[in-house]
Amino acid sequence: MKCDIILAGVGGQGILTLSYAIVNACLDEGYNVLQSEIHGMSQRGGAVYAHLRISDKKIYSDMIPKGRADIILGTEPLEALRHLDHLTPEGKIITSSVPVKNIIYPDEAKVLDELRRHGALLLDSTDLARKAGSIKAQNIVMLGAVSRFLPLKTLKMYIKKLFSKKGKEIVKINLLAFDLGLITKCWEI
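In the numbering used here, the protein residues as written are -10 to 178.
Below, the structure is given as structure tokens:
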């Protein structure tokens, strides 16, 4: 088993939280995993991304070469688009359809059309997070969405661990956000 994933978003969207959950689930389930993070200007909503390399065999580098990513998981559509050159021809793009317009943003329709042209699965993470009880749970919605393509069974356990110190209500919201991302039929293709 091998799965190379790029997590892409902007500062404040919880990319590192996603990375933590996936890495720890991998370790718990006996997979080898290497991680690399780039923080950019994250304090100002700049690009943040992580490379996750998961395998049942030894991994020699934490960086995913161009053309080798199996999955791009974007919490922001433009940031997902920036990493297309890393995707394998058979790879999957799963991204929020909701842009973070903290910079001069290109035409939103063109960004989404380009993602669709590459077979991206687009999800309104804002709406689903709101339904779960907190707009802050958008990253966990996206974790649920990508989980259907991962061989990991303990992701929900790590959501509980991540948020347990924030109280039962926050745990409940994030578990619901995960489930909504997992089961939603709202894919736009």
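Idealized CB from N, CA, C, for every residue including glycine. Computed from a prediction, not measured in an experiment: that's the story for all the values here.
Taking each of I162, T173, K150 in turn and checking the Cα distance to I11, the smallest one comes out for K150. The C-beta distance from L117 to A166 rounds to 7 Å, short enough to fall under 8 Å.
When the beta-carbon positions are compared, S85 and Q127 come within less than 8 Å of each other. Contact check for A69 and I60: beta-carbon distance about 10 Å, past the 8 Å limit, so the pair fails to qualify. Within the model, the alpha-carbon separation for L62 versus K155 is close to 26 Å. If you draw a straight line from the Cα of S44 to the Cα of K142, it is about 15 Å long. If you check the CB distance, L73 and R42 do not come in under 8 Å. Where I48 is concerned, there is no enclosing beta strand (DSSP E), because DSSP gives it neither an H nor an E. The beta-carbon distance between A98 and T77, rounded to whole angstroms, is 27 Å. This is too long to meet the 8 Å contact definition.
Non-local beta-carbon contacts of K145 in its own chain, meaning distances under 7 Å to residues more than five positions away in sequence, involve L164, F167 in chain order. Per the DSSP secondary-structure output, S25 pairs in a beta bridge with H40.
If you look at K157, you'll find it in the alpha helix (DSSP H) that goes 157 to 172. Going by DSSP, D59 is part of the beta strand (DSSP E) stretching over 58 to 63.
As summarised for the stretch 73 to 147, the continuous alpha helix (DSSP H) elements at least 4 residues long and confined to that stretch are 97 to 106, 114 to 121, 127 to 136, given in chain order.
Between the beta-carbon of L(-4) and that of Y38 there is about 6 Å, and that keeps the pair under the 8 Å contact cut.
The three-state reading of DSSP puts K154 in helix, counting H, G and I together.
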